[in-house]
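Asks: Below you'll find the structure I mean.
Protein chains: 2
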Amino acid sequence: MAARTTKANPIPSVWARRAREADQPALSRAAIVREAVVMLDADGVEALSMRKLGARLNAGATSLYRHVATKDELMELAVDEVFGEIAVPAADGADWRAAATEAAQSFRATALRHRWLSSVLGQAGLAYLGPNLMSFSERLAALFADAGFPEPERAIETVLSYVIGMSTTEAAWLTTVARSGESEADFIARLMPAAQQAVADHEHLAEAYAAEVVDPVALRDDKFAYGLEVVLDGLALRRPKAS
Amino acid sequence: MAARTTKANPIPSVWARRAREADQPALSRAAIVREAVVMLDADGVEALSMRKLGARLNAGATSLYRHVATKDELMELAVDEVFGEIAVPAADGADWRAAATEAAQSFRATALRHRWLSSVLGQAGLAYLGPNLMSFSERLAALFADAGFPEPERAIETVLSYVIGMSTTEAAWLTTVARSGESEADFIARLMPAAQQAVADHEHLAEAYAAEVVDPVALRDDKFAYGLEVVLDGLALRRPKAS
DNA sequence: CTCTCGATGCGCACACTGTACGCAGGGGGG
DNA sequence: CCCCCCTGCGTACAGTGTGCGCATCGAGAG
Numbered sequence: 001m002a003a004r005t006t007k008a009n010p011i012p013s014v015w016a017r018r019a020r021e022a023d024q025p026a027l028s029r030a031a032i033v034r035e036a037v038v039m040l041d042a043d044g045v046e047a048l049s050m051r052k053l054g055a056r057l058n059a060g061a062t063s064l065y066r067h068v069a070t071k072d073e074l075m076e077l078a079v080d081e082v083f084g085e086i087a088v089p090a091a092d093g094a095d096w097r098a099a100a101t102e103a104a105q106s107f108r109a110t111a112l113r114h115r116w117l118s119s120v121l122g123q124a125g126l127a128y129l130g131p132n133l134m135s136f137s138e139r140l141a142a143l144f145a146d147a148g149f150p151e152p153e154r155a156i157e158t159v160l161s162y163v164i165g166m167s168t169t170e171a172a173w174l175t176t177v178a179r180s181g182e183s184e185a186d187f188i189a190r191l192m193p194a195a196q197q198a199v200a201d202h203e204h205l206a207e208a209y210a211a212e213v214v215d216p217v218a219l220r221d222d223k224f225a226y227g228l229e230v231v232l233d234g235l236a237l238r239r240p241k242a243s
Numbered sequence: 244m245a246a247r248t249t250k251a252n253p254i255p256s257v258w259a260r261r262a263r264e265a266d267q268p269a270l271s272r273a274a275i276v277r278e279a280v281v282m283l284d285a286d287g288v289e290a291l292s293m294r295k296l297g298a299r300l301n302a303g304a305t306s307l308y309r310h311v312a313t314k315d316e317l318m319e320l321a322v323d324e325v326f327g328e329i330a331v332p333a334a335d336g337a338d339w340r341a342a343a344t345e346a347a348q349s350f351r352a353t354a355l356r357h358r359w360l361s362s363v364l365g366q367a368g369l370a371y372l373g374p375n376l377m378s379f380s381e382r383l384a385a386l387f388a389d390a391g392f393p394e395p396e397r398a399i400e401t402v403l404s405y406v407i408g409m410s411t412t413e414a415a416w417l418t419t420v421a422r423s424g425e426s427e428a429d430f431i432a433r434l435m436p437a438a439q440q441a442v443a444d445h446e447h448l449a450e451a452y453a454a455e456v457v458d459p460v461a462l463r464d465d466k467f468a469y470g471l472e473v474v475l476d477g478l479a480l481r482r483p484k485a486s
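Chains E and B supply the protein sequences, listed in that same order.
Following the numbering used here, the numbering of the first sequence begins with 1 at its first residue and continues without gaps.
Following the numbering used here, the numbering of the second sequence begins with 244 at its first residue and continues without gaps.
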């Protein structure tokens, strides 16, 4: 029956001819990447499969491969996509510390908003050459060059390493918390007995674990800011004008 | 035919009864973890499967599950295993900078020797409570407490974040290089044209990419040492005795 | 000695993954 | 008008982690 059409339209030229294409902007690399980021944000890196992503876009899994060579390439694109969210202030020369702090905070916020980012970076690093990553680096370079650092890349790598390391640790922690389904404070409370026992015969650690955590979010904010100040102090010592 | 035995011994009580068990120490959690680390080192994190690991140990895939609850747990154990390789000097009070530097270098060396470490840390963080990770943390805490820092954890987290971030980036880069099959210098040489083109209209980046890389290994060593000095300088400013 | 029991290893099966391949259909250029 | 190329998809394959139940074996009880 109906030898011409395989299954979609029983009769050619009916009411809703290609109605789907009208409301869905078909399939495009941009739409795929956007939806992939949404899925990654929602359920983490192990929950993103080509089949599920295709289904979300009203498409078959293998259709995606017309726009994206491979899943790894998709991840590269997703990484570059979220790098576009990081705000690096333009170099205005005056207050490089404030600018660097703002950039670092923006990076951290992005990494915590997209908790899969760090783990993907760990597998592929910053070796990508995506446009957003490029302009991110360029703006950072401009900032530190403008501040008078003779080797801006060194400064960038130092502060970026700190920010990446701290954000990675935080993101991993928050992922663990999220998997438990509890609030961060509840999770900590439930974990405390086990942790204190594990730490019992390590005197310095026991001391560190003794304090009660009242506001975990503020505590993490503080830690990040503290370390950032340390790094920026160390860099300030190396800025020619200063000494 | 031989209704009793399914397939292994055609005749009971023959010459080589249980010969295999004699030379192979059976299967144990320790042996599994050890071999898993070997496989991870050799071919990276995506090449480790329970089937292949089982085969390497003359065992079936599912036999491993008698000793390890899940693959994730195996990875936790592997992480703790390699944390045992990191050498943190005992606190001797005098030269905390030298001790911290040694610990940081040892961490980096371990992370580069086991390049899968960073990517796993990105997925699970330092939330593990394994014994080696515990004593690693304890020794670090002792070191900084002995140096007179009032909040040793803050100092630890700062320097550790830097070290993790830098090591992660390096490990990811080295993994990319290794996949190409070329030496690091050759890979860089081959990449230069593409990189310089991608960087063409970013003036500060172009400047940074202009220099020729003659000894990539030494360059990476330098970068790491530079950033580490920056961080330690920043910490030194906060040590009570110093100011 | 026999009998039983707990620990260990393993084959099978299931649901799921990334992706190669070749076919169908529709829009744009000759 | 026809043709061709681009896009989407169904099928298929090799591989994954792991639950389940059975076979085996060493040790201890009678």
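Beta carbons: idealized from backbone N, C-alpha and C, even for Gly.
Is the shortest distance between the beta-carbon of Gln-348 (chain B) and the beta-carbons of chain E less than 8 Å?
Replies: no
Asks: Cutting at 8 Å between CB atoms, please list the residues of its own chain near Asp-80 (chain E), excluding the five before and the five after it.
Replies: Tyr-128, Gly-130, Pro-131, Asn-132 and Leu-133
Asks: On a Cα-Cα basis, can you pick out the residue from E:Met-75, E:Ala-185 and E:Thr-110 that is closest to Val-88 (chain E)?
Replies: E:Thr-110
Asks: Could you list which residues in chain E have their beta carbon closer than 9 Å to that of Ser-426 (chain B), in chain order?
Replies: The contacting residues do not exist; Ser-426 (chain B) stays about 16 Å from chain E at best.
Asks: So the candidates are B:Ala-421, B:Asp-315, B:Val-276 and B:Gly-365; which of them puts its Cα closest to the Cα of Leu-300 (chain B)?
Replies: Considering only alpha carbons, the answer is B:Val-276.
Asks: Against chain E, does Gly-303 (chain B) count as a neighbour if the rule is that its beta carbon must be under 8 Å from one of theirs?
Replies: no
Asks: Distance cutoff 8 Å, beta carbons only. Does Leu-283 (chain B) sit that close to anything in chain E?
Replies: no
Asks: Just the Cα atoms here: how many angstroms apart are Asp-215 (chain E) and Leu-283 (chain B)?
Replies: 39 Å
Asks: Please list the residues of the segment 205 to 236 of chain E that have a C-beta atom closer than 7 Å to any C-beta atom in chain B, keeping them in chain order.
Replies: Leu-205, Ala-208, Lys-223, Tyr-226, Gly-227, Val-230, Val-231, Asp-233, Gly-234 and Leu-235
Asks: Using only CA atoms, which one of B:Ala-333, B:Val-280 and B:Tyr-308 lies nearest to Met-318 (chain B)?
Replies: For the options B:Ala-333, B:Val-280 and B:Tyr-308, the alpha carbon positioned closest to that of Met-318 (chain B) is the one of B:Val-280.
Asks: Rounded to the nearest angstrom, what separates Lys-466 (chain B) and Ala-61 (chain E) at their Cα positions?
Replies: 43 Å
Asks: Tell me which residue opens and which closes the alpha helix (DSSP H) that Arg-499 (chain B) is part of.
Replies: This structure cannot speak to residue 499 (chain B), because chain B is shown only from 244 to 486.
Asks: Leaving out five residues before and five after Gly-470 (chain B) in sequence, what residues of the same chain have Cβ atoms less than 8 Å from its Cβ?
Replies: Excluding its 5 nearest sequence neighbours in each direction, Gly-470 (chain B) has C-beta neighbours in its own chain below 8 Å: Tyr-405 and Met-409, listed in chain order.
Asks: Give the C-beta separation of Glu-396 (chain B) and Ala-208 (chain E) to the nearest angstrom, bearing in mind that I take them to be a contact with Cβ-Cβ under 8 Å.
Replies: 5 Å
Asks: Can you give the Cα-Cα distance for Arg-246 (chain E) and Leu-448 (chain B), rounded to whole angstroms?
Replies: Past the edges of chain E, shown from 1 to 243, lies residue 246 (chain E), and the structure says nothing about it.
Asks: For a contact defined as C-beta to C-beta under 7 Å, what are the partners of Ala-142 (chain E) on chain B?
Replies: Neighbours of Ala-142 (chain E) on chain B, chain order: His-447.
Asks: Is there at least one Cβ from chain B nearer than 8 Å to Pro-152 (chain E)'s Cβ?
Replies: yes
Asks: Quick one, which of B:Leu-364, B:Ala-437 and B:Ala-461 has its alpha-carbon nearest Trp-173 (chain E)'s?
Replies: B:Leu-364
Asks: Work out the CA separation of Pro-240 (chain E) and Glu-151 (chain E) for me, nearest whole Å.
Replies: 11 Å
Asks: My assumption, with CB atoms under 8 Å, is that Ala-100 (chain E) sits in contact with Leu-143 (chain E). Please give the rounded CB distance.
Replies: 7 Å
Asks: Measuring only the C-alpha atoms, how far is Leu-191 (chain E) from Val-177 (chain E)?
Replies: 11 Å
Asks: With H, G and I counted as helix, E and B as strand and the rest as coil, what does DSSP make of Ile-399 (chain B)?
Replies: helix
Asks: Can you give me the C-alpha to C-alpha distance between Val-45 (chain E) and Gly-297 (chain B), rounded to a whole angstrom?
Replies: Looking at the two C-alpha atoms, the distance is approximately 26 Å.
Asks: With DSSP as the reference, label His-447 (chain B) as helix, strand or coil.
Replies: helix
Asks: When you compare the CB positions of Leu-117 (chain E) and Val-68 (chain E), do they come within less than 8 Å of one another, or not?
Replies: Cβ atoms of Leu-117 (chain E) and Val-68 (chain E): not closer than 8 Å.
Asks: Any beta carbon from chain E within less than 8 Å of Gly-327 (chain B)'s own beta carbon?
Replies: For Gly-327 (chain B), not one C-beta of chain E is nearer than 8 Å to its own C-beta.
Asks: Is Ala-43 (chain E) near Ala-91 (chain E), with beta carbons less than 8 Å apart?
Replies: One point to set straight first is that residue 43 (chain E) is Asp, not Ala, in the sequence displayed. Cβ distance not < 8 Å, so Asp-43 (chain E) and Ala-91 (chain E) don't count as in contact.
Asks: Closest Cβ-Cβ distance between Ala-438 (chain B) and chain E: below 8 Å?
Replies: yes
Asks: Can you list the residues of chain E that Val-406 (chain B) reaches, using a CB-CB cut of under 9 Å?
Replies: What Val-406 (chain B) touches in chain E: Ser-161 and Gly-165.
Asks: Using a Cβ cut-off of 8 Å, pull out every chain E residue sitting near Ser-378 (chain B), in sequence order please.
Replies: His-202
Asks: Given a threshold of 16 other Cβ atoms within 10 Å of its Cβ, counted over all protein chains shown, does Glu-400 (chain B) qualify as buried or as exposed?
Replies: buried
Asks: Is Gly-391 (chain B) buried or exposed, if buried means 16 or more other CB atoms sit within 10 Å of its CB?
Replies: exposed
Asks: Could you give the first and the last residue of the continuous alpha helix (DSSP H) run that contains Gly-365 (chain B)?
Replies: 359 to 367
Asks: Could you work out which residues of chain B lie near Ala-47 (chain E), taking near to mean beta carbons separated by less than 9 Å?
Replies: Chain B residues near Ala-47 (chain E): none, gap ~13 Å exceeds 9 Å.
Asks: Since Ser-119 (chain E) and Ser-292 (chain B) are thought to touch, with beta carbons under 8 Å apart, how far apart are those beta carbons, to the nearest angstrom?
Replies: Contact between Ser-119 (chain E) and Ser-292 (chain B) is ruled out by a C-beta separation of about 19 Å, above the 8 Å threshold.
Asks: Suppose the cutoff is 7 Å on Cβ atoms and the five residues either side in sequence are ignored; what does the same chain contact list for Leu-270 (chain B) look like?
Replies: Leu-300, Ala-302, Ser-306 and His-310
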